[in-house]
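Let me begin by presenting the structure, written as structure tokens, before commenting on it.
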Amino acid sequence: MRVPLSWLRDFTPVEAPPQDVARALSFLGLVVEGTEEVGPPWPGVVVARVLETRSHPAADRIQLVDVDTGDAEALQICCGAFNMKAGDLVPLATLGTVMPNGLEIARRKMRGEWSNGMLCSAPELGLGDEGGQKGIYVLPPELEPGAPLASALGLGADVVFDIEVGPNRPDCFSVAGVARDLAAAMRLPFSLPRPSPAAVVPEVATAAVRIDPAAEHICRRFTGTVVENVGAAAVAPLVSHRLALAGMRAISAVVDASNYVMLELGQPNHPYDLDVLGCGGLVVRRAEPGETMVTLDGVARLLEPADLVIADAAGAPVGVAGIMGGSAAEMSPATTTVLLEVANFDPLTVSATGKRLGLHTEARARFERGVDIELALLAVERFVELLGPHVRRGPTTDLGRGAPPQSPVRLRTSRVNMLLGTELSGDECRALLAPLGFVSTPDGEDAYSVRVPSWRPDCTREVDLVEEVARVHGYDRIPRRMPARPAAATRLSAYQRGRRELRQALVGTGASEAWTNTFVSPADLVATALSPEVALELENPLDQSQSMLRTSVLPGLLRALRFNRERQAGAVALFELGSVFCRGGAASGAPGPVPGAGTISGVQEWEQVGLVAAGEGAGAEWVVRAFEVLRRGLRLDALDLRRHDPGGAPGPAALGNTGAFHPGRVAAVAADGSPVGLVGQLAPEVAARYDLTGPVGALVVDLPALLGAARPARPALAVSRYPATDLDLAFVVDDGVQAQDLALTLAAAAGDLLGGLALFDVWRGAALGAGRRSLAFRLRLRAAERTLTEADVSAVMAAVVQAAASDHGAVLRQA
Amino acid sequence: MNAIEQASAHGRQLISAASTLADLRAVESEAFGKRSRLAAMTAELRELGPQERRQLGQELQQARAALEELYNRRAEELSRRDALRRAEAERLDLTEEAWRFASTGSPLAGALEQPVPRGHLHLVTQVRQELEDIFLSMGFEVAEGPEVEDDWHNFEALNMPPHHPARGMFDTFYLKAGQSESVVLRTHTSPVQVRLMESRRPPIYAVAPGRCFRRDTPDATHLPVFHQLEALVVDEGISMSHLAGALDAFTDAFFGPGRRARLRPSFFPFTEPSAEFDVTCWVCGGEGCRTCSGSGWVELGGCGMVDPAVFEAVGVDPERYSGFAWGLGIDRLAAARTSLGDIRELLDNDIRFLTQF
């Protein structure tokens, strides 16, 4: 909200420099987002007295006007208006003046006669274009010729604060409300405008307004006042100028007065043209099902019974209550009689209707926060006052339940000090609250009974008053101390520590961490051979490329690889730990939610780790080695690689990524034998869709399974002091036998003497036959307490050869 | 069998005889393309009368369409078979690599592997871990919660009942799950407060880092997906001066000594009194510069005393316990730390960007 400093000064005599005012406002919670210094309006425009009007010798649509600008010399102006006479005061734009519309005034000849400036109409000065007056703006008679127009009309330079008002402060959606807070903080007096009530003219009709019984609880107050002869309402330069500073366009005396009252007091109101209002009255009622009306913006609106409308006495809707008037009884230049509606509506109803219709108006913004129910009559008087002495007003019809008396709130001084950490006395608390309109009376030793003013519906509880005390006292005056440390020791949970270790191990492979968008498009999922059917969809995505929640970290990581590839990055390895999502029940066996989380029905959420590598050296082997780095580095003994069956039953969620992998170059990551992820080479067609060439390595594992895998505390193993013997054995096996299968058999058969096992050669050759290969393992044997004997070695050899043969049909290859 | 049927039969035979995709492509022209018998017959149509031409033309077209469909089906089948064959031909036993990959101490550790330059943790992770460590040292635990939340935890329990105008402060993403607008992407980390208080009794001293979502169009200072750090302290006798003190302590630890936190009144439905907190500008040290728009202060987040309505929603007695909470933007701190001009760079994952930190 834009608030001119001069307007604030109508209510409180603030003299502090603008930056201090801005600071004071910000420290009240009325955040000043901008401070704009504005010069006086209309530089170059002065007051001029008409000396004589003469007809133009060569034109009849313009006349010659001689004016005096204070030096008693006659200055000739050509003018197209004829409404002024000798002796009138008029605004003259002198040579060099730049008008609000950008026109620069220069001396020029019109049909052979010199014009030394331009006489101005009210609209040319931005003063509203539908007032009673036509032609040149004739100024009040007492002004001094030659004076700058602005100062003559009492307008000067100003400072405009752009204030952000929170939803909790309906009262501060008005200049007066802001002034009240400011006055309290700066310890200055404050007073609201007190218009002297305009005498009711008996001949003016009483407004015929009523509230339909079904609408009573949502129309909390409704007043109607008839004002006649509004065509004679004076153009008010101060009103127009302040509206302009506040960001509203001046339109006409009546509309400007209406807007001015809203900005000043925070009370929205609506003037109807009484002569075009059907049957001359208003009814507040709920909308009929299927009812439509055209609002002021020219849009036809479909209404529902939940909406509140203002209708004319014949039943036709003329306004959406508290949001926007209808085009039917709109003000026009011809309007002479106005029915002014000043009402109070239920905030939730206004909010719901406004939201459904997508209508954001100044009135809605105020009603949905809550307008002071006591404001209505003051607003009526202020409106009439602004229209000037020539209008005639009738009595005000005032309907509604009246304000429910807000029950007083008990405020304990001890509670104030407990919550704030201050040492304020009861008297101090009372004094801090008083300027905001809170009236405190003692209630026992430690407490006050505080009556809350009608403009503060946000203050209903003791704690709300504590905040008011703190605000006026000043947050910066609250002492600072550390809370006592809790007695318990704190550390990360095992899961959180595991996650950190995993990150460290991952950077140890040379990969860097990425974080990628949680949102993906169905096309991203399809490109990665993931099923969009199991993905959760957003109701209101930012755009269609971000319409779903990722079911895997792979699409984001692959996009990041492409991004780097496009920037000539060479070989890149990236990893990410992050949450992924799918429809509830869609991924059978999906791991549970993040530790500590509840479950949202219909949604599965868990964390996943992904690792991708592209470029020279990347591929399945690289990522398998990276996996081994993690497995061994984190002592994840329960994890190993297993044969992945792409056609197998859909297992845990990470296996939804099966299609993203090359079917011949993928292995399952298993925890205690059950698959929890995949590792291998990306399917070439998937890689191609991300513009990646060459083998791309990828790993995706469900994090809870990975970190939840048993990491038993191992007793220290005594390191043998006796020499070891290496046994190199090459076995010929079918390609169907995986190295892992054979290795596990060898390890089991070798028993306690095995100190290490590794594969050192893989060989294929015609001699072995097609579909067979030789796997050469080195077994390191040692005993803890003695030197090995020949017999020990022979026994191990016999055992492993026998086991390899019987389990896998492996044949020992003679060296 | 008429000529068209014969031509079709020939085409069918060619298509089904092809056993690879390449073979199939080679016979396309002869089966139903330019060099096919059907094409020759089509060329001869112009010599016929109009009636006959129309009739025969239609039959030829149908025959061609049938062959084309057969061709496409066959192509699909062969390409699937090719893919499987290729996969089979390219099959690797990945477990070999796992057993071959030697580490020191293994029987194959003859030579050392070349050292690998370490990768880098993401800047946001580094800042998040640093924050976690600071608060761990202050006696806080690190809590977490889900990114997809229900209405209760994200709004209602935080003193924002349905239709509460304050919900408009958050541009919320809704999921198509359950009732309309009942499942949201959390707009802040504050639902973790609710989950913490629901799951146990005070005292609670916790921070909760995590990803949040708001329907903001991305720009240099906003991302629709971002990270916050929530703090929650609930105990007997906790006051706003403890909030200010804890913020000061954190500011000192994170930005270095001499930095101050300052509180300004604000509004959040879940705290009362509420405040925004600013810290001394880290660029100019409070003198005023471009980063802080000349004010000497930079806004970091929102905070306040836990609203009694929140305590009531989770069954904590507000007369016995009081508490404070805050939320601050991790990405913002990361950007501040590194004088990052455009926060969207955090999400690009350019390797040159990632490896600077």
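Heads up: the sequence lines are chains L and Y, in that order.
Count the first sequence with this note's numbering and you get residues 1 to 815, in order.
Count the second sequence with this note's numbering and you get residues 1001 to 1357, in order.
Note that the Cβ used here is the ideal one computed from N, Cα and C, for glycine as well.
Problem - Simplified DSSP state of L:W763, which is helix, strand or coil - result: strand
Problem - L:G592 at chain Y interface by Cβ criterion, 7 angstroms - result: Unreliable positioning characterises L:G592 in this predicted model, as indicated by a pLDDT of 46, which lies under 50. The coordinate reading is nonetheless provided below. With 7 angstroms as the cut-off, L:G592 does not count as an interface residue toward chain Y.
Exercise for the section: From the DSSP output, in three-state form, read off L:Y272 for me. Expected result: strand
Exercise for the section: Return the residues of the stretch 1107-1127 of chain Y that lie within a Cβ-Cβ distance of less than 7 angstroms from chain L, sorted by chain order. Expected result: P1107, L1108, V1116, P1117, R1118, G1119, H1120, L1121, H1122, V1124, T1125
Exercise for the section: List the DSSP bridge partners of L:F519. Expected result: L:L549
Problem - Contact residues within the stretch 1226-1238 of chain Y, judged by C-beta distance below 8 angstroms to chain L - result: V1233, D1235, G1237, I1238
Problem - is_contact[L:G602, chain Y] using C-beta, thresh 7 angstroms - result: yes
Problem - Within 7 angstroms, strictly: CB atoms of L:L816 and L:T725 - result: Since the first residue of chain L shown is 1 and the last is 815, residue 816 of chain L is not available in this structure.
Practice task
Quick one: give me the first and last residue of the alpha helix (DSSP H) that L:K109 is part of.
Solution key: First-last for L:K109: 108-110, but that is the beta strand (DSSP E), not the alpha helix (DSSP H).
Problem - Closer than 8 angstroms at the beta carbon, the chain Y residues around L:V371 - result: Simply none; closest approach about 13 angstroms.
Practice task
Kindly list, in the order they appear in chain Y, the residues whose Cβ is closer than 7 angstroms to that of L:I478.
Solution key: M1240, S1241, A1244
Problem - Cross-strand partners of L:Y722 (DSSP beta bridge) - result: Note: L:Y722 sits in no beta bridge, so no partner.
Problem - Per DSSP, the bridge partner or partners of Y:N1072 - result: Y:N1072 is not bridged to any residue.
Handout entry: Within 7 angstroms, strictly: CB atoms of L:V45 and L:P145
Key = no
Handout entry: Every unbroken alpha helix (DSSP H) inside the stretch 1075-1156 of chain Y [4 residues or more]
Key = 1094-1100, 1123-1137, 1151-1154
Practice task
Jot down the residue ranges of each uninterrupted beta strand (DSSP E) in the stretch 664-738 of chain L, minimum 3 residues, whole runs only, in chain order.
Solution key: 674-682, 697-702, 725-734
Problem - Endpoints, beta strand (DSSP E) assigned at Y:F1311 - result: Where Y:F1311 is concerned, there is no enclosing beta strand (DSSP E), although the alpha helix (DSSP H) it sits in stretches over 1308-1314.
Problem - Closer than 7 angstroms to chain L by CB, Y:E980 - result: The structure shown does not extend to residue 980 of chain Y, since chain Y is modelled only from 1001 to 1357, so the question has no answer here.
Problem - Residues of its chain near Y:V1194, where Cβ-Cβ distance is below 8 angstroms and the 5 sequence neighbours each way are ignored - result: W1152, H1153, A1157, L1158, V1310, A1313, V1314
Practice task
Return no unless some Cβ of chain Y is closer than 7 angstroms to the Cβ of L:M482.
Solution key: yes
Problem - Per-residue DSSP class, three states only, for L:D792 - result: helix
Exercise for the section: Can you give me the Cβ contacts of L:G34 inside the same chain, cut-off strictly under 7 angstroms, excluding the 5 residues immediately before and after it? Expected result: D162
Exercise for the section: Measure the CB-CB distance between L:V391 and L:T223 and report whether it falls below 7 angstroms. Expected result: no
Handout entry: Coil, strand or helix - L:A250 by DSSP
Key = coil
Problem - Span separating the alpha-carbon of Y:T1271 from that of Y:C1303 - result: 7 angstroms
Problem - chain Y within 7 angstroms of L:F760, Cβ atoms only - result: yes
Exercise for the section: Check the C-beta distance from Y:D1093 over to L:A798 and give it rounded, since I have them as a contact under 8 angstroms. Expected result: 26 angstroms between Cβ atoms; not a contact.
Practice task
Take the Cβ of Y:A1017 as the centre, count every other Cβ of all protein chains shown within 10 Å, and call the residue buried at 16 or more, exposed below.
Solution key: exposed
Handout entry: Closest residue to L:F575 among L:E124, L:S552, L:S512, L:L8 (Cα-Cα distance)
Key = L:S512
Problem - Supposed contact pair L:R772 and L:V733 - C-beta distance, whole angstroms, cut 8 angstroms - result: 7 angstroms
Problem - Validate contact between the stretch 255-273 of chain L and the stretch 378-398 of chain L using beta carbons, cut 8 angstroms, 3 pairs - result: yes
Problem - Interface residues of the stretch 736-752 of chain L facing chain Y [CB-CB below 7 angstroms] - result: Q738, A739, Q740, A743
Problem - Touch test, the stretch 703-722 of chain L against the stretch 1067-1084 of chain Y, Cβ-Cβ under 8 angstroms, three pairs minimum - result: no
Practice task
Starting from Y:W1326, find everything on chain L with Cβ-Cβ shorter than 7 angstroms and list it in chain order.
Solution key: Those within 7 angstroms of Y:W1326 in chain L number zero; the least Cβ separation is about 13 angstroms.
Problem - Inter-residue Cα distance where the pair is L:E790 and L:F760 - result: 23 angstroms
Exercise for the section: Please compile the residues from chain Y whose C-beta is within a distance smaller than 9 angstroms of the C-beta of L:W763. Expected result: Result: empty, since nearest Cβ-Cβ is about 12 angstroms, beyond 9 angstroms.
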